[in-house]
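Participant: The opening position of the sequence shown corresponds to residue 1 in UniProt numbering, with each subsequent residue numbered one higher.
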Amino acid sequence: MFHRLVRTMDLYDGLRMPVRVGRDELLLIHEDGQTWLVQRRCPHADFPLDRCTVSGSQLRCPGHGMEFSLRTGQCLTASYRLEQYRIDYDGPWLGVEA
Ligand code: FES
1 MFHRLVRTMD
11 LYDGLRMPVR
21 VGRDELLLIH
31 EDGQTWLVQR
41 RCPHADFPLD
51 RCTVSGSQLR
61 CPGHGMEFSL
71 RTGQCLTASY
81 RLEQYRIDYD
91 GPWLGVEA
């Protein structure tokens, strides 16, 4: 079932939108024209990523500064992995299959 999250026309650079899909807390990120959907909390120490910074395809956690690849989810300095979710589209809506 398609779960609507946001209309594509409402995306803007700098967007950090916490969303709940079923039991999962996710974070929708839009930066430099790219959209990402990841787990809301950092896999290192559970810090919310709502105020993360994104540069290119790297996310920096505001907790302890660890960086993650948004392409692979892999932490660049440790073995932590940021869970990523596939984004789907339905007309003007962006969302996920859940
Ligand atoms: S909680 Fe994210 S780097 Fe520590």
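The beta-carbon is built from N, C-alpha and C at its ideal position, and this holds for glycine as well. Quick caveat: nothing in here was measured; it's all calculated off a predicted structure.
What ranges does the beta strand (DSSP E) occupy inside the region 24–74, keeping only unbroken runs of at least 3 residues that lie completely in it?
Facilitator: Listed in chain order, the complete beta strand (DSSP E) runs (minimum 3 residues) inside the region 24–74 are 24–31, 34–39, 53–55, 58–60, 67–69.
Participant: Please report how far the alpha carbon of residue 74 lies from the alpha carbon of residue 92, in whole angstroms.
Facilitator: When rounded, the distance between both Cα atoms is 31 angstroms.
Participant: Any heavy atom of the ligand FES inside 6 angstroms of the beta-carbon of residue 111?
Facilitator: Here the chain covers residues 1 to 98 and nothing more, so residue 111 does not appear.
Participant: Could you tell me the distance, in whole angstroms, from the CA atom of residue 65 to the CA atom of residue 79?
Facilitator: Taking the straight line joining both Cα atoms gives about 15 angstroms.
Participant: I want to check one thing, is the minimum distance from the CB of residue 68 to the heavy atoms of the ligand FES below 6 angstroms?
Facilitator: Checking the Cβ of residue 68 against the ligand FES gives no.
Participant: According to the neighbour-count rule (16 or more other Cβ atoms, all chains shown, within 10 Å of its Cβ), is residue 68 buried or exposed?
Facilitator: It counts as buried.
Participant: If you check the beta carbons only, do residue 19 and residue 26 fall under 7 angstroms apart?
Facilitator: Yes, the pair counts as a contact, with Cβ atoms nearer than the cut-off.
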